[in-house]
Structures are given as structure tokens and as C-alpha cells.
Amino acid sequence: MTQDDTTNRDTQPDLGRRKFLNSAALVGLSGAGLSVGLSACNKESAPGAKAPSAKGEVATHSPYEVPPGQLDEYYSFSSGGHSGDVRIYGLPSGRQLKSIPVFNTDNLVGWGITNESKAIIGTRPDGSLKYSTGDTHHVHQSYTDGTYDGKYMFVNDKIHGRLARIRMDTMECDKITEIPNIQGFHGTFTDKRDPVDASINHTTRVFCGAEFSIPLPNDGRNMDDGSKYKSLFTCIDSNTMDVRWQVLIDGNCDLVATSYDGKLTCTNQYNTEMGVHYEETMSAEMDACLFFNVARVEEAVKAGKFTTIGSSKVPVVDGTRASNKDPKTALTCYVPIPKNPHGVNISPDGKYYACSGKLSPTASVIEHALVLKWFDGELPNARDAVVAEPEIGLGPLHTGFDNKGNAYTTLFLDSQIVKWNVEAAIKAFKGDKTAKAVVDRIDVHYQPGHGFTSMGETREADGRFFNSDNKFSKDRFLPVGPLHCETAQLIDISGDKMKLVHDHSVLSEPHDSIIVRRDIIKTRQIYDMDEFPNAVKDPAESGVFRNGKKVTVKLTSQAPAFSLREFKLKKGDEVTLILTNHDKVEDLTHGFAMPKYDINFIVNPQETKSVTFIADKPGVYWCYCTHFCHALHLEMRSRMIVEA
Ligand code: RUQ
Ligand code: CUA
Ligand code: CA
340 MTQDDTTNRD TQPDLGRRKF LNSAALVGLS GAGLSVGLSA CNKESAPGAK
390 APSAKGEVAT HSPYEVPPGQ LDEYYSFSSG GHSGDVRIYG LPSGRQLKSI
440 PVFNTDNLVG WGITNESKAI IGTRPDGSLK YSTGDTHHVH QSYTDGTYDG
490 KYMFVNDKIH GRLARIRMDT MECDKITEIP NIQGFHGTFT DKRDPVDASI
540 NHTTRVFCGA EFSIPLPNDG RNMDDGSKYK SLFTCIDSNT MDVRWQVLID
590 GNCDLVATSY DGKLTCTNQY NTEMGVHYEE TMSAEMDACL FFNVARVEEA
640 VKAGKFTTIG SSKVPVVDGT RASNKDPKTA LTCYVPIPKN PHGVNISPDG
690 KYYACSGKLS PTASVIEHAL VLKWFDGELP NARDAVVAEP EIGLGPLHTG
740 FDNKGNAYTT LFLDSQIVKW NVEAAIKAFK GDKTAKAVVD RIDVHYQPGH
790 GFTSMGETRE ADGRFFNSDN KFSKDRFLPV GPLHCETAQL IDISGDKMKL
840 VHDHSVLSEP HDSIIVRRDI IKTRQIYDMD EFPNAVKDPA ESGVFRNGKK
890 VTVKLTSQAP AFSLREFKLK KGDEVTLILT NHDKVEDLTH GFAMPKYDIN
940 FIVNPQETKS VTFIADKPGV YWCYCTHFCH ALHLEMRSRM IVEA
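Just remember that our numbering sits 339 ahead of the position in the sequence shown, which is counted from 1.
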């Protein structure tokens with residue numbers, strides 16, 4: 340602010356009123372006052388709203404820019420990798436909107452600190468977290484009629500073999516399931532309909548592939564005999580999050596795709612060699628894309644044709660090659676694919692799977708109808724389900740699709756995105772010399788891993804954007820020390836030529852993402868107090884309630900005060916503190932930090948959370964609100980007194 344500005348402000352006529360805001364007036368500015376301000380600004384920012392007219396100069400905006408006051412057209416949901424979270428970006432701006440803690444602990448919201456979040460993550464007998472690390476790779480949402488229904492999102496933890504579910508209305512994790520007898524849970528995908536019951540046109544299953552083979556059970560036996568190592572492919576019920584069944588397979592699982600008719604799910608396999616050492620995993624010229632006949636697997640389970648492994652009660656059916664030689668009864672079909680493939684993605688019309696070669700410069704196109712034909716015993720050779728194998732470039736990994744029959748594949752080694760036409764590739768494979776599969780290429784910076792298109796994993800693929808998640812950013816951003824951020828590059832794919840729109844930085848180390856139209860996502864702006872069985876519904880219920888050494892502290896928050904100015908405990912008490920936020924105003928969140936007791940969490944409007952701790956340190960502890968909520972936010976505290 341310049342000297343001149345200051346002078347101007349001092350002469351503003353309403354400054355007299357500003358001076359009038361003494362402490363009494365400020366206290367009066369509680370929820371209600373803020374509510375008016377916030378809901379007014381809310382209307383301005385509703386989807387489709389025009390940017391509010393500014394009095395100052397207006398900058399000119401590029402067609403891809405999201406000007407002040409306008410909202411992005413798409414959500415991008417992205418795994419955070421070994422940070423263990425899921426991130427939300429707006430596209431096309433690339434603005435990061437939120438990180439959803441899942442397998443990590445998170446101070447911002449208190450994930451892994453509150454009793455409610457610990458119960459979801461899972462605890463040891465002493466109440467500490469069972470795991471505090473995780474590695475998220477693949478995010479997929481629930482479907483209805485072949486497109487996102489905005490209900491749930493699922494994400495894997497590769498380290499500990501867990502699947503988490505996120506509610507899309509609150510964008511918070513509500514369940515986590517640990518899968519028995521697997522390691523390296525990498526690919527996952529939701530199903531899109533039931534294979535048998537036509538009335539179930541929505542997601543009821545989540546499929547999970549295990550990348551690392553292990554001795555089964557992994558309890559110390561057969562550790563030196565690699566030939567005894569096996570992988571399992573797992574199905575989880577998307578409603579209960581219980582493990583429904585597993586299939587014992589030859590080779591390993593990597594990424595997962597599901598068909599639009601619900602009949603098949605598949606996983607690419609890079610280690611059909613069953614190698615334990617790195618070199619062995621690359622010895623074969625052909626690996627596979629492994630298809631599962633979902634209905635037959637479930638019939639086998641129903642008929643009791645299963646075993647169990649170790650202490651797990653989950654039914655395991657036999658999907659190995661030796662037990663599935665007759666296609667007419669086979670549970671599994673191994674389609675040979677060159678060499679160490681990575682990534683398998685289905686086209687939005689449901690007809691083809693693209694499986695990239697990784698160590699082969701090709702993408703293999705597998706026709707869905709032909710795999711079904713193999714299961715009917717009418718296609719003698721599973722390899723004949725491959726209807727195209729265009730050479731597209733070096734290190735092909737993941738493929739996204741537009742709505743015009745084109746595929747976009749990341750080329751890790753070439754640092755490019757290649758656009759290729761599926762029908763042209765099929766014609767060329769049949770011998771048509773005039774058909775050219777590759778249509779366009781664009782450089783990306785650098786080494787792309789995942790790439791995905793707007794709505795590209797649904798029937799509503801719209802062919803507008805491709806996002807390239809690159810593994811190395813080198814010189815693209817200001818240097819920030821040896822650990823670099825990664826680049827996400829947005830590419831306009833609506834024309835014949837791909838156009839690079841912009842780079843946006845992403846914190847290490849995203850893997851897969853999905854781009855979802857914003858109208859599909861309907862979030863809640865505040866909670867319902869009745870959803871929390873332990874809610875402190877009336878500030879008058881606040882207090883310290885003692886039952887011997889077990890003490891419950893009930894507390895409410897309403898800007899700018901907690902219901903208890905102070906509360907007294909005795910050294911050695913086992914304390915459960917319950918805090919309900921009585922503010923009803925959207926965006927009015929309070930925090931609760933407790934010094935020296937390592938406690939920090941937030942309560943959103945109408946939300947209740949609790950923490951349990953031993954009051955083992957006598958003294959005075961100022962518990963304070965950490966989340967800016969009011970002009971008197973700094974004054975919002977409560978004194979915890981622990982008597983010796
Ligand atoms: S897999 S690039 Cu999980 Cu490709 Cu990450
Ligand atoms: Cu309540 Cu800050
Ligand atoms: Ca291999």
C-alpha cells in the first residue's frame with residue numbers, strides 16, 4: 340500500500356463506522372453476520388455464473404483460462420501416490436482444490452487423529468493406527484448406465500493391499516478394506532453392470548489386481564521357492580466393502596479394466612514368467628492380458644468349488660491355465676500380448692481394450708466380442724482376439740479415448756503423447772496398406788506415466804481434454820531443491836492436432852486420474868448433526884462427565900467461542916473429548932488443537948468428532964481454534980486444566 344492509499348482510506352466516509360466496531364460489536368458479528376456475507380458470495384460463484392464485474396482493469400483471458408469468479412468445467416480426481424492421499428483439481432485451470440486424506444495421517448482435518456477416522460483406517464489393540472503409510476495409484480468412481488453417478492470413488496493402497504471408498508457428497512473416506520493374501524495391490528476398477536442381472540445397471544463390485552506374487556499362505560513356508568509364489572485377483576462388494584471372492588492365477592496382475600456389459604474384467608500381466616528376479620520378468624517375448632468371466636467365477640463360488648487360504652475365509656477359485664483348458668467352462672482367458680505390457684483401457688463404445696506393450700513399441704487392441712466368443716468355445720486361439728497391434732512409439736503405457744474413435748497413449752521413453760485411430764489400426768492389421776493408425780504426436784515434459792481424457796472412461800467421453808501426468812519436470816518450474824514437483828500438462832484434443840494448453844505443477848507423485856464433468860458431482864455444504872450418534876446437540880449438555888478414571892468432555896463450538904471456557908481433569912484420566920460444531924453457516928469450520936497432547940482436528944458445520952487420550956501431564960493447556968473462523972478467531976480457546 341502506498342502513502343497515497345493510506346491517505347485515501349483515512350478520508351473514506353465509512354471509517355467512522357469502522358472505528359465503532361468495539362469488542363461488543365465484534366462478538367455480535369457471529370454466525371448470522373458471516374452467514375449473510377458467505378451465502379451472498381456463494382450465489383456469485385454458482386456454476387454458470389458470470390465473473391462479477393470488476394471496477395478495476397480487466398485482464399484479457401485466453402479461451403482456456405478460468406477468469407476470477409468463474410468455476411472450472413471439470414473435476415480431476417488424482418491419486419497422490421506414496422503420499423497416500425487423493426487430490427482434487429479443477430480443469431481446465433489446474434487449480435488444486437483439496438487433498439482427501441485416505442491412507443495417510445493429516446493434520447489439517449485430523450485424519451488418523453480422531454476416533455472416527457482411526458476406526459476407518461484400523462487400529463492395533465493399543466488404539467494406535469495399524470498402518471500410517473499408503474501408496475494410492477488408481478482412482479475410479481461408481482457407475483450407473485455406463486457413466487459416473489457421483490456416489491463413490493475407490494482408490495487402492497499398493498503398500499498394504501487395501502481398498503478405500505470415498506463418499507462423493509462429502510469427499511471423505513468412509514471405509515477401508517484390507518485384502519487377504521496379496522501384496523502389491525496395483526490396479527483396480529469398478530464394474531459397470533451385473534454380468535447376469537440386467538436390472539443391475541450400476542456398480543456393485545470393485546476388482547483388484549495383485550502385482551507381487553507371494554507364497555500362499557505367506558507365513559514362512561516356501562520362501563526360497565519362487566515357483567510356489569502366486570497372485571490373486573480379488574472382488575470386493577462396493578456396498579459392504581467386504582471381500583467377495585478371489586481367483587488364483589498364473590502370472591501377476593497389473594492394471595485392471597472392466598467391460599460396459601459387466602461380463603468381463605481383465606488385467607494386464609507383465610510377469611507371466613513368474614520371475615522373482617528383475618531379469619526373469621523380461622525373459623518371455625509374450626506376456627498376457629488376462630480376462631475373467633465374472634458370471635462363471637461367481638457360479639463356481641456358489642457351487643462351492645473353492646478353497647480358502649490360511650486364516651482367510653474368502654473363497655478362492657482356481658483360475659490357473661492348467662485348470663481352465665476348456666474355454667466352455669473356463670473362468671479365465673489368457674490373451675498373449677507382447678512384452679511386459681502396462682495399462683489396459685476399454686474404449687467408450689465398449690468394443691475394444693487397448694493394452695500397451697511397454698517394452699514393445701505397440702498397443703494391442705483386443706476385441707471384447709471375440710473374448711466372449713473364446714469363452715463360448717468358438718474362437719480356437721485366444722490370441723485371435725487381438726484385432727490390431729499398431730507400432731505407436733517407445734514405452735507405451737496408458738491410453739485414453741475421445742468420442743471419435745481415437746486413442747491417446749502415453750509414451751514414457753519418447754516423452755510423447757501419440758494419437759492413433761482404432762479403426763485404422765484394425766484395417767492396417769488386416770493388411771490394408773493405405774490405413775495409417777498414427778494420426779498425431781505431441782511432446783510432453785517429461786516421461787509421461789498416466790494420461791486420461793475428459794469423461795474418457797465412460798460412455799460420455801467428450802473428446803475435449805487429455806491430461807498427461809508426467810513423471811519428471813526438470814526445468815519446467817522454479818527449482819525447489821532436489822525433490823522436484825511433477826508436471827501435469829493439459830492438452831486440447833478437440834481438433835485434428837493436439838494442442839498443449841498449459842503445465843500445472845502437481846506435488847509428487849500422482850499416478851492415475853479421472854476427469855469428471857462438474858454437473859455429475861453434488862456435494863453437501865454442511866453436515867446433519869443427527870448423523871453423529873455422539874453429537875453434543877445442545878451447548879447446555881457441555882461439561883466434564885466422570886465415571887471413575889474414564890472421563891467424557893462434551894464441548895460445542897459456535898463462532899467465536901467453545902461452550903466451555905475451561906474444563907478440569909485429573910492426572911491419569913482416560914479422556915474422550917467430543918466436539919460438535921453448532922455453526923450452520925457454509926464454510927464455517929473450527930479447529931481444536933491441544934498443546935503437548937499432540938491433538939489437532941477440525942469440525943465442519945454441524946459435524947461431531949472425538950479424540951481419546953490419557954491426561955498424563957499436569958498443568959494448564961490452552962486448547963485453541965486452528966481454523967480461521969471469525970474476527971475473534973484468535974480469542975477462540977478453552978483452558979484445559981490437568982490437576983496433579
Ligand atoms: S501405474 S504410471 Cu499405478 Cu502406470 Cu502409475
Ligand atoms: Cu473457531 Cu477459529
Ligand atoms: Ca514379462
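Built from N, CA and C at the ideal position, the CB exists for glycine as well. All values derive from a computational prediction rather than experimental measurement.
Hey, residue i and residue j: beta-carbon distance below 7 Å or not?
i           : j           : result
residue 941 : residue 448 : yes
residue 949 : residue 454 : yes
residue 545 : residue 505 : no
residue 788 : residue 810 : yes
residue 526 : residue 477 : yes
residue 507 : residue 490 : yes
residue 873 : residue 917 : yes
residue 804 : residue 812 : no
residue 441 : residue 424 : yes
residue 962 : residue 975 : no
residue 860 : residue 741 : no
residue 468 : residue 451 : yes
residue 739 : residue 761 : no
residue 759 : residue 774 : no
residue 659 : residue 631 : no
residue 891 : residue 902 : no
residue 636 : residue 534 : no
Can you name, in chain order, every residue of its own chain whose Cβ lies under 7 Å from the Cβ of residue i, other than the five neighbours on each side?
i           : result
residue 428 : 415, 417, 434, 435, 436
residue 734 : 697, 750, 751, 752, 753
residue 663 : 669, 670, 671
residue 786 : 751, 754, 809, 810, 811
residue 910 : 954, 955, 957, 981, 982, 983
Counting only the same chain and skipping the five closest in sequence on each side, list residues whose C-beta sits under 6 Å from that of residue i.
i           : result
residue 622 : 612
residue 607 : 593, 594, 628, 680, 683, 694
residue 815 : 784, 826, 842
residue 585 : 571, 573, 653, 655
residue 438 : 424, 426
From the DSSP output, in three-state form, read off residue i for me.
i            : result
residue 541  : strand
residue 566  : helix
residue 671  : strand
residue 1068 : Shown here, the chain extends from 340 to 983; a query on residue 1068 therefore has no answer.
residue 811  : coil
residue 456  : helix
residue 904  : coil
residue 767  : helix
residue 722  : helix
residue 634  : helix
residue 640  : helix
residue 400  : coil
residue 877  : coil
residue 858  : helix
residue 711  : helix
residue 620  : helix
residue 761  : helix
residue 447  : coil
residue 972  : helix
residue 572  : strand
residue 518  : coil
residue 963  : strand
residue 945  : coil
residue 832  : coil
residue 781  : strand
residue 628  : strand
residue 753  : coil
Excluding the five sequence neighbours on either side, which residues of its own chain have a C-beta within less than 8 Å of the C-beta of residue i, listed in chain order?
i           : result
residue 647 : 653, 654, 655
residue 876 : 868, 919
inquiry  = Closer than 8 Å is the cut-off here; do at least three beta carbon pairs connect the segment 545 to 557 with the segment 492 to 506?
reply    = yes
request  = Indicate whether the contact test is met: 3 or more Cβ pairs, each with one atom in the segment 745 to 762 and one in the segment 780 to 790, closer than 8 Å.
outcome  = As far as the Cβ criterion goes, the segment 745 to 762 touches the segment 780 to 790, which means the pair count is three or higher.
query = Is it a yes or a no for the segment 703 to 723 touching the segment 663 to 674, going by three-plus beta-carbon pairs under 8 Å?
reply = With a cut-off of 8 Å, the segment 663 to 674 and the segment 703 to 723 count as touching, because enough Cβ pairs lie within range.
query = With contact counted as at least three CB pairs below 8 Å, one residue from each stretch, are the segment 507 to 519 and the segment 566 to 584 in contact?
reply = yes
query = Is there contact here, the segment 755 to 774 with the segment 725 to 742, by at least three beta-carbon pairs under 8 Å?
reply = yes
inquiry  = For the pair the segment 911 to 925 and the segment 950 to 958, tell me if three or more CB-CB distances fall below 8 Å.
reply    = yes
Inter-stretch contact at 8 Å, needing at least 3 Cβ pairs: the segment 966 to 976 / the segment 919 to 939 = yes
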